[in-house]
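S.K.:
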Ligand SMILES: Nc1ncnc2c1ncn2[C@@H]1O[C@H](COP(=O)(O)OP(=O)(O)OP(=O)(O)O)[C@@H](O)[C@H]1O
Ligand SMILES: [Mg+2]
């Protein structure tokens, strides 16, 4: 099982939207996909019509030692979802530990013959540059860092590149994630300028294509479905399709099929 993780130093940039819609686009190329929610907000499942309440009991059982398989929620969009799970006040302080446990769960899933059905796992993460996110990076085959074409995202680029190169002042093993802009409106001068400046700093790590700002994206979420189901011909549907195609060109989907 290959793993693609989606992260960002910034909150609210569209990580969950990106993870959910990329997963939906990739099902056509790779078969069943497991979308793993590593964020206590539990928002990933909303994109697949899964009620937040559905996550509570199975994931609680899994944390108490039951099989992770019991926590996986199926839906009609071909993307199975492993929710982070619901927390009470006392458990919330321990959410980081729960997420680490979830990572061990991913290792177990990857090794379990029953999960040969999954070629790919897509991991949605909370915002930040934390040790937890570094751990997620180390179990990922592909990492996407989602940014907005604005001054706030541009300002955090040095922070994220430093974080990728160093951990507590010590150089770490090299990590080469792909940066992608979300909610781009190429008619706006600011968006074009920020993209150009980011390209100077990030070079080829910044993907040439982007995800457009598109009302269909938030309308699809309101309908609790991936945008390709809600609006098959929308610009954002084409963008996620292009991204899936690009992953194919990088050999990622072929590798996923061969390891499944
Ligand atoms: N390409 C897009 N076009 C229009 N709206 C978008 C797009 N991408 C995301 N959004 C909207 O932006 C908002 C934030 O998206 P999302 O929740 O995916 O961000 P996030 O980075 O996961 O946030 P958090 O840091 O809280 O986890 C949502 O209302 C979503 O519908
Ligand atoms: Mg999110």
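In our numbering, the protein residues as written are 78 to 337.
Glycine residues also receive a C-beta, built at the ideal position from the N, C-alpha and C atoms.
The model shown is predicted, which means the values in this text are computed figures rather than measured ones.
1) Taking 7 Å as the line, does the beta carbon of residue 207 fall inside it for any heavy atom of ligand 1?
2) Shortest alpha-carbon distance to residue 292 belongs to which of 276, 280, 275 and 259?
3) Would you say the segment 266 to 280 touches the segment 218 to 229, given that touching needs at least three Cβ pairs under 8 Å?
4) Keeping to the same chain, check which residues put their C-beta closer than 8 Å to that of residue 325; ignore five residues upstream and five downstream.
5) Would you list the one or two residues that DSSP bridges to residue 114?
6) Does ligand 3 have a heavy atom nearer than 7 Å to the CB of residue 123?
7) Expressed to the nearest angstrom, what Euclidean distance is found between the alpha-carbon atoms of residue 97 and residue 237?
8) Hey, how far is the Cα of residue 218 from the Cα of residue 299?
9) Can you give the Cα-Cα distance for residue 89 and residue 302, rounded to whole angstroms?
10) Leaving aside the five residues before and after residue 196 along the sequence, list all residues of the same chain whose C-beta is less than 6 Å from its C-beta, in chain order.
11) Mind checking whether the beta-carbon of residue 92 lies closer than 7 Å to any heavy atom of ligand 2?
12) With distance defined between alpha-carbon atoms, name the residue in 207, 308, 295 and 329 nearest to residue 91.
13) How is the alpha helix (DSSP H) around residue 95 delimited, first residue to last?
14) Is residue 128 close to ligand 1? I mean its beta-carbon at under 7 Å from any heavy atom of the ligand.
15) Can you say whether residue 215 is buried or exposed, counting buried as having 16 or more other CB atoms within 10 angstroms of its CB?
16) Residues in its own chain within less than 8 Å of residue 321 by CB, not counting five upstream and five downstream?
M.R.: Looking at the coordinates:
1) no
2) 259
3) yes
4) 106 and 331
5) Answer is 201.
6) Ligands in the displayed structure: ligand 1 and ligand 2; ligand 3 is not one of them.
7) Straight through space, the alpha carbons of residue 237 and residue 97 are spaced by roughly 23 Å.
8) The alpha-carbon of residue 218 is positioned some 31 Å away from that of residue 299.
9) 19 Å
10) 107, 108, 333, 334 and 337
11) Residue 92 Cβ: within cutoff of ligand 2.
12) 295
13) 92 to 107
14) no
15) Around the Cβ of residue 215, a 10 Å sphere holds fewer than 16 other Cβ atoms; the residue is exposed.
16) 99, 102, 103, 105, 106 and 330
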